[in-house]
């Protein structure tokens, strides 16, 4: 490492930093004081707080997201705060002697160093260590059973990173109470299964529906059995709620969501009467998208709220999924 003291409190830090193992070719980012991540966390907290207060006080929710994006992009592209290594791992960045430098890269442990300590070194040649990971089971064979049931969440937890052998996936372990069997007659009252996800579509910011099944209390789940391991059909689930008729049903989703069922001549949503009415407030700035994607007569939009009026009973959901997302497992369905 070479360095040059600028004035009395600022230095030009030069050096080389590289990854190790499987991802040795990945870029390493050098960030002064972790400023960018702190700004992201700070603005996320501001957003959540402002929205919660608006709901609590029953007032319109307004948040200047454009200002946050502008501030974030300016900071993210500012070489005084962030730089990255070249193809050989070399970098240089200016920082105050009172600052710290964070070295971070995909699947590697972030390392933090005080600038005051770095300037004392004759050479800077760092190697980032891989994050700990475990080898996840892989199943090239076909599944042997399919279980479809209404489940109540008991517990869900994320597994350690799996970049050892499945670098593109995240892995969730989940335990559910089996509330109502729809297909497959799972023989126990509780079930534990694994869910893998990769590049799931980002939730649209105008939609009140969640993108992860573990965020709901009750869900219609589709689980495959592979040589003793139970695995969720990738990205397939339907959040469900009890109707006043004593039946489980799922509200119709807006257009363009990943698991939306588009109404047509075969799949017509029914007018549902949920025990607890399903309604959401929405951000005023998304009103155009709301009107486009929550059309009459299936949804009602009034006074800043979306009222869900139509949907499908779980038995119909299974019938529809058999002709769509479950078609590749038709040999398991009688």
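Numbering (the numbering used here), first residue to last: 1 to 334.
A virtual CB, placed ideally from N, CA and C, is assigned to each residue, including glycine.
Per DSSP, residue 10 is one residue of the beta strand (DSSP E) stretching across 10 to 18. Residue 193 sits close to residue 230, with the two beta carbons spaced by under 8 Å. Taking every protein chain shown into account, the CB of residue 291 has fewer than 16 other CB atoms within 10 angstroms, so this residue is exposed.
Shortest Cα-Cα distance from residue 51 to any of 319, 333 and 281 involves 281.
Nearest neighbour of residue 156 by Cα position, chosen from 114, 309, 217 and 301, turns out to be 217. Taking a cut-off of 8 Å for Cβ pairs, the stretch 17 to 30 and the stretch 82 to 89 touch, as three or more such pairs fall below it. Counting only runs that start and end inside the stretch 256 to 315, the beta strand (DSSP E) elements of at least 3 residues fall at 279 to 281, 299 to 302, 305 to 308 and 310 to 313. Along the stretch 158 to 243, the beta strand (DSSP E) occurs as fully enclosed runs of 3 or more residues at 170 to 183, 190 to 197, 218 to 226 and 229 to 239, listed in sequence order. Look at residue 115 here: in three-state DSSP terms it is helix. Taking the Cα of residue 9 as reference, the smallest distance to any Cα among 94, 56, 228 and 57 is reached at 94. By the CB criterion at 8 Å, residue 243 and residue 151 fall outside the cutoff. For the 8 Å CB-CB criterion, residue 20 and residue 127 form a contact.
DSSP places residue 252 outside both helix and strand once states are collapsed to three, so it counts as coil.
With fewer than 16 other Cβ atoms from the protein chains shown falling within 10 Å of its own Cβ, residue 307 counts as exposed. Secondary structure of residue 27 (DSSP, three-state): coil. Sequence-distant Cβ neighbours of residue 34 in its own chain, meaning closer than 7 Å and more than five residues away, are 102. Burial of residue 32 is indicated by the presence of at least 16 other C-beta atoms within 10 angstroms of its C-beta. Residue 320 is not bridged by DSSP to any residue. In this structure, the beta-carbon distance from residue 238 to residue 332 does not fall below 8 Å. It is roughly 15 Å from the alpha-carbon of residue 37 to the alpha-carbon of residue 106. In this structure, residue 222 lies away from residue 186, with their beta-carbon atoms at least 8 Å apart. Residue pairing by DSSP places residue 91 opposite 15 in a beta bridge.
When DSSP states are grouped into helix, strand and coil, residue 83 belongs to the strand group. Using a 10 angstroms sphere on the CB of residue 252, the tally of other CB atoms reaches 16 or more, which defines it as buried. A straight line joining the alpha-carbon of residue 133 with that of residue 90 spans about 27 Å. Its Cα nearest to that of residue 212, the residue 171 stands out among 241, 171 and 249. Taking C-beta atoms as the reference points, residue 325 and residue 233 count as a pair closer than 8 Å. Assigned with DSSP and collapsed to three states, residue 156 falls in strand. No residue range can be given for residue 123, since it is assigned to no beta strand (DSSP E) and is classified by DSSP as neither H nor E. By alpha-carbon distance to residue 145, the top candidate from 110, 228, 158 and 174 is 228. A check of alpha carbon separations from residue 18 across 46, 88, 267 and 274 identifies 88 as the nearest.
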